[in-house]
Each structure stands twice: as structure tokens, then as C-alpha cells.
Amino acid sequence: MVRADARRNRERITTTALDLFAEHGSGVSMEDIARAAGLGVGTLYRHFPDRLALVTDIANAALQGLRDHALAQSAEDISRWEVLLRVVRHCAGQPFALITSLAGTPPVPPSTQELIREVNVLLAEIAKQAQEEGTMRGDITPDQVVGLLNVMVCRPGARPDDPLTTVMLDGLRAGRTA
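If you count the sequence shown from 1, position 130 lands on 130 in UniProt numbering, and the numbers rise without skipping.
Here's what the structure looks like:
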């Protein structure tokens, strides 16, 4: 069992890292993160031996949260289109653009690869169900929908009401083809 102070320190590190990465980019040093979190660098390295471990932890937490949110929304008695919209809204506050930029260089760890696969399969199933109920256009494959969703939410400034997201969602909705 993890002690409460150790859990708080770990949360403080990840929250601080996200804030610093968002403000200053991916070049922020581990020492800067520890200092801004009000912790010693040794404490940071006890939790995260390197930058990849820190980014992996952040990525996995965001992906698990997305998976859990999508599953919970899928269990609701609402249209699959509404499920998709709720998933997009949930993604707006997540660090997917940051994760994509930081994790682009090293190989993606197996735990993260598996979470990405789970999320993509779940999103493809939601898209397929939306097509079957007639709320999403059917001339695009569920895998292509997942690709569009990734473009929507894995970019800096992504919001559910920004122009790019709005245009993409309008293009996916049944009956909205030009």
C-alpha cells in the first residue's frame, strides 16, 4: 500500500509536470519539475526514474480516464452520437496533445500501446453503433472515425467548440453531407 504522503507527492509531480510542459514546452527539466512541485529532485526520481516514466504515467492516466469515461457513457441509455460527443467533450481537458508531442520520439511502452488499442477499439465500436442507429454517416469506416477523433483531440488547443472540431463533428453527423 502506498503511503498517503507518497501518493500526494506523485500527484503533485504529475500535476506540476503537466502545467510546466503546457506553459514552457517539453524541454522542462526534471529538476525544474521537482523545484516547482516543492519537492527534492530525489523524491521525483524515486517516483519517476526518467522523463519517459513520467510521461508514460501521465499518458496512461489520461488514457485510462478516457477509457473509463467512454465505458460509463456507453452504459447510458442515450444515442451513440451523444456518447461520442460526450467523449469529445471529456477529451478537451486532457493532455493528449502534450502526450503526443512528448511521446513521439521514444518507443511507446507496451502498457501505453495496450491502452491506446483498448481506447481505439472502444471508440470504433461506439462509431459503428452510431452508424447502425443512423446518427453518424455510414460512408466512413469506424477506424477512419477513430483517426478523425485523434486529430480532433490530440492537438494543441483542442476544444469541443473550436472550429476544427465543430467542422469535423458536423461532417460525421448523419444528414450533414454536402
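Ideal Cβ placement from N, Cα and C applies to all residues, glycine included.
query                                                                                                                     : result
CB-CB length for T14 against A36, believed under 8 Å                                                                      : Between A36 and T14 the Cβ distance is about 12 Å, and since that is not below 8 Å, they are no contact.
Reduced DSSP secondary structure (H/G/I, E/B, other) of R80                                                               : helix
Of the residues A72, L115, V87, D77, the one placed nearest A61, counting alpha carbons only                              : L115
Separation of N9 from D77, as counted between CA atoms                                                                    : 39 Å
L66 beta carbon less than 9 Å from that of C91                                                                            : yes
Three-state secondary structure (DSSP) of R137                                                                            : coil
C-beta atoms of A34 and P95 nearer than 9 Å                                                                               : no
Chain-order list of residues whose beta-carbon lies under 8 Å from that of R12 (same chain, five-residue window excluded) : A37, G38, L39
Close beta carbons around Q64, own chain, < 7 Å, minus the five adjacent residues each side                               : L115
Proximity below 9 Å, CB of residue 179 to CB of P160                                                                      : This structure leaves residue 179 out entirely; the chain is present only between 1 and 178.
Alpha-carbon to alpha-carbon, V153 and E133                                                                               : 24 Å
Residues bridged to R3 [DSSP beta-bridge criterion]                                                                       : The partner list for R3 (beta bridge, DSSP) is empty, contrary to what the question assumes.
Candidates V119, D5, A158, of which the one nearest H69 by Cα                                                             : V119
Delimiting residues of the alpha helix (DSSP H) encompassing V146                                                         : 142 to 153
Helix, strand or coil at residue 207 according to DSSP, with G and I counted as helix                                     : Summary: the structure shown does not reach residue 207, with the chain confined to residues 1 through 178, and so no result is reported for it.
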